[in-house]
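In terms of the working numbering, the sequence shown opens at residue 2 and continues consecutively.
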Amino acid sequence: GLKGPLFSGALEGSSDIAHAKNDQHYTASLAGEKVDFPSVTDLYFQYKTVRGELGGNFDFGGIGDQKKALYGKGRVEVRNGNVFAIPVFGPLSELLSKIFTGAGYSVAHEATAPFSIRDGVIHTDKLKVEGKRFAMVGHGDIDFVQNDLDFAIRIGAPRPRPRLPPPPPPLEHHEDGGPPAPRRPPY
């Protein structure tokens with residue numbers, strides 16, 4: 002197995018690579034947490050996002066460098082980062098900005114998506130993005146061979162954050178010769 006730091010975060014993994022002549026099959030498993038999101042977007046997309054942390058897991062396999070042979074499943078999560086820094090989501094950023102001025106370039110508190118990969122297509126049924134100014138849920142496909150996006154999304158206001166109830170008024174205690182009885186003053 003593999004275990005070590007990656008862009009200020011942690012990465013664990015294992016792999017099984019065929020060693021037989023003319024057999025390029027492989028399987029692998031990776032899990033990361035608190036990986037610096039700007040470093041990843043800069044490395045793979047030449048775009049340095051403002052901030053954020055990347056985490057998730059990916060169990061996959063394939064044959065050599067054949068993109069369409071890649072298969073697997075996993076879950077990805079970005080916290081406090083610009084999810085739309087990933088070029089394939091660029092059109093969604095533009096759309097968000099038209100609906101909520103400037104929201105397409107705002108930081109998402111959390112973005113999560115379980116996904117599967119088969120035949121050159123990444124598929125998710127549960128993309129969730131939560132920002133200060135918007136909330137988005139969606140499902141669809143990213144064809145990384147054809148560089149194509151087919152997504153259905155729903156955009157709305159962010160869900161209200163739970164607020165703590167106000168603290169109760171202090172208890173009062175009076176003694177008049179009988180047993181003490183705590184009581185709350187009327188509101």
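Virtual Cβ for every residue (Gly too), placed ideally from N, Cα, C. The structure displayed is predicted, hence computed values, not measured ones.
Taking contact to mean at least 3 C-beta pairs separated by less than 8 Å, is the region 119-128 in contact with the region 139-159?
-> With the rule of 3 Cβ pairs closer than 8 Å, the region 119-128 counts as touching the region 139-159.
Consult DSSP for Lys22 and reduce its assignment to one of helix, strand or coil.
-> Note: Lys22 maps to coil in three-state DSSP.
Could you name the residues of the same chain whose beta carbon sits closer than 6 Å to that of Leu3, not counting the 5 residues immediately before and after it, in chain order?
-> Correct list, in chain order: Gly14.
In the DSSP assignment, find the unbroken beta strand (DSSP E) run with Asp120 in it and report its ends.
-> Following the DSSP letters along the chain, one finds Asp120 in no beta strand (DSSP E), marked with neither H nor E.
Rounded to whole angstroms, what's the CA-CA distance from Ser30 to Ala136? Just pull it up for me.
-> Going by the C-alpha atoms only, they are around 31 Å apart.
Beta-carbon proximity check, Gly65 vs Thr28, cutoff 8 Å = Cβ distance not < 8 Å, so Gly65 and Thr28 don't count as in contact.
Terminal residues of the continuous beta strand (DSSP E) containing Pro6?
-> Per DSSP, Pro6 belongs to the beta strand (DSSP E) from Leu3 to Leu7.
From the DSSP output, in three-state form, read off Val146 for me.
-> In this structure, Val146 counts as coil in the three-state DSSP scheme.
Is His174 helix, strand or coil by DSSP?
-> Per-residue confidence for His174 stands at a pLDDT of 47, beneath the threshold of 50, marking its modelled position as unreliable; the derived number appears in the next sentence. In the structure shown, His174 adopts coil according to DSSP, grouped into three states.
Exposed or buried, Ala114, counting other C-beta atoms within 10 Å across all chains shown (16 or more means buried)?
-> Per the 10 Å Cβ criterion, buried.
In whole angstroms, what separates the C-alpha of Val130 from that of Lys22?
-> Distance between the alpha carbons of Val130 and Lys22: 45 Å.
Among the residues of its own chain, which have a CB less than 8 Å from the CB of Ala153, if the five just before and after it don't count?
-> Answer for Ala153: Gly139, His140 and Gly141, listed in chain order.
Would you tell me roughly how many angstroms separate the C-alpha atoms of Arg52 and Pro39, rounded to the nearest one?
-> Straight-line Cα distance between these residues: approximately 6 Å.
In terms of residue numbering, what span does the beta strand (DSSP E) encompassing Val41 cover?
-> Per DSSP, Val41 belongs to no beta strand (DSSP E); it is in the alpha helix (DSSP H), Phe38 to Phe46.
Buried or exposed (CB count within 10 angstroms, at least 16 for buried), Asn83 = Buried is the call here.
Simplified DSSP state of Ala158, which is helix, strand or coil | Three-state DSSP puts Ala158 in coil, outside helix and strand.
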